[in-house]
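Asks: Mind the numbering: the sequence shown is residues 0 to 300 in numbering that gives the first Met the number 0, read in order.
Glycine included, each C-beta is placed from N, C-alpha and C at the ideal position.
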Amino acid sequence: MSYRRTLKLICGFAGGSAALVFAAAAADSRGYFGENRGSGASRWSGLAVLYAAQPGWSPGSHTPTPTGPGWDSNWDKRDPSVLSNGRRKKESVTEDPSSEQDNSKPKATRHILLIRHSQYNLSGNGDTERILTPLGREQAELTGQRLAALGLKYDVLIHSSMTRATETAHIISKHIPGVELVSCDLLREGAPIEPVPPVTHWKPDAVQYHEDGARIEAAFRRYIHRADPKQKEDSYEIIVCHANVIRYFVCRALQFPPEGWLRMGLHNGSITWLTIRPSGRVALRTLGDAGFMPPDKLTRT
Numbered sequence: 000m001s002y003r004r005t006l007k008l009i010c011g012f013a014g015g016s017a018a019l020v021f022a023a024a025a026a027d028s029r030g031y032f033g034e035n036r037g038s039g040a041s042r043w044s045g046l047a048v049l050y051a052a053q054p055g056w057s058p059g060s061h062t063p064t065p066t067g068p069g070w071d072s073n074w075d076k077r078d079p080s081v082l083s084n085g086r087r088k089k090e091s092v093t094e095d096p097s098s099e100q101d102n103s104k105p106k107a108t109r110h111i112l113l114i115r116h117s118q119y120n121l122s123g124n125g126d127t128e129r130i131l132t133p134l135g136r137e138q139a140e141l142t143g144q145r146l147a148a149l150g151l152k153y154d155v156l157i158h159s160s161m162t163r164a165t166e167t168a169h170i171i172s173k174h175i176p177g178v179e180l181v182s183c184d185l186l187r188e189g190a191p192i193e194p195v196p197p198v199t200h201w202k203p204d205a206v207q208y209h210e211d212g213a214r215i216e217a218a219f220r221r222y223i224h225r226a227d228p229k230q231k232e233d234s235y236e237i238i239v240c241h242a243n244v245i246r247y248f249v250c251r252a253l254q255f256p257p258e259g260w261l262r263m264g265l266h267n268g269s270i271t272w273l274t275i276r277p278s279g280r281v282a283l284r285t286l287g288d289a290g291f292m293p294p295d296k297l298t299r300t
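Structure (structure tokens):
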């Protein structure tokens, strides 16, 4: 049996470090590592390499040490326990505190589908001329078809007021008739926060980060949060906007460092799906899903 095949067998059947070393010892004793069985020190040379490759282990070291701050359950300032505690300090008498607290708890889950606009004319002079390309319109049709095929009951379709996002949203809306269209200036493209690590090909000045960042953060606070306690059923909301906005939203919602937003890439017309539970827990179901598009329709402009 070859040395490489022996290692594959060892790794395939050994469940942990101790088992791996034991299996290696057994293989070595049969001469599978290429030394003579009775050759003393040389017999164990291959095994010594395996020992050295194993990480140190102790009962307390098998769990990775957490890094960074813990999860902030009141990230959206809507934690019912915090809100109810604040009200109780102001009100000396409450008829039924347990009922009040229960009524203040969100019960529905919010599903937010963030759509990046389709490909547009980069050479246009200003926003009004940066319209969708023919391929971009095809991409929007495919995204609309995909959203319709999911069979979800959409509550609203919100879009950036920029031309490329508005056009994308209107094409998508044809596939999900009856869903209200809402335009929002807060969702316009911009520079949310200086990226880390920095890039050389894109360097907005400090004023742009200051102005765009405040606006995009305001959009995050308006749209990304747990459901209102009055909401009885789960909701599905579509937001058509821009790559920078979506990437920043994802980092903020997952409580990742927002400076890392530029490390992600999104295809035009792709779907990013955030789920926000009543408890405030956030899950990223998909990031930039464009698998419903043929490969020759994929772009990132």
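Taking 7 Å as the limit between beta carbons, can you name the residues of its chain near D184, skipping five residues before and five after?
Replies: Correct list, in chain order: S160.
Asks: Please tell me whether R265 and A282 are closer than 9 Å, where the distance is taken between their beta carbons.
Replies: Note that residue 265 is Leu in the sequence shown, not Arg. Result no, Cβ atoms of L265 and A282 do not sit closer than 9 Å.
Asks: Is the Cβ-Cβ distance between L113 and V249 less than 9 Å?
Replies: yes
Asks: With a CB to CB cut of under 7 Å and the five nearest residues on each side skipped, what residues in its chain are close to D126?
Replies: M161 and T162
Asks: Within 10 angstroms of its Cβ, does A148 collect 16 or more other Cβ (buried), or is it exposed?
Replies: The residue is exposed, with fewer than 16 neighbouring Cβ atoms inside 10 Å.
Asks: Output the residue ranges of the beta strand (DSSP E) runs that lie fully inside the stretch 112-139 and measure 3 residues or longer, sorted by chain position.
Replies: none
Asks: Less than 9 Å between the C-beta atoms of I238 and L186, yes or no?
Replies: yes
Asks: Below 9 Å between beta carbons: does that hold for A190 and P203?
Replies: yes
Asks: Thinking just about the alpha-carbon of each residue, which of P196, E236, H209 and G268 is nearest to the one in Q144?
Replies: G268
Asks: Please report the straight-line C-alpha distance between N102 and P228, rounded to a whole angstrom.
Replies: Going from the Cα of N102 to the Cα of P228 covers about 7 Å.
Asks: Just curious, the beta strand (DSSP E) that D288 is in, first and last residue?
Replies: V281 to D288
Asks: Would you identify the three-state DSSP class for S72, choosing helix, strand or coil?
Replies: coil
Asks: Output the distance between the C-alpha atoms of H174 and D71, rounded to the nearest integer angstrom.
Replies: 38 Å
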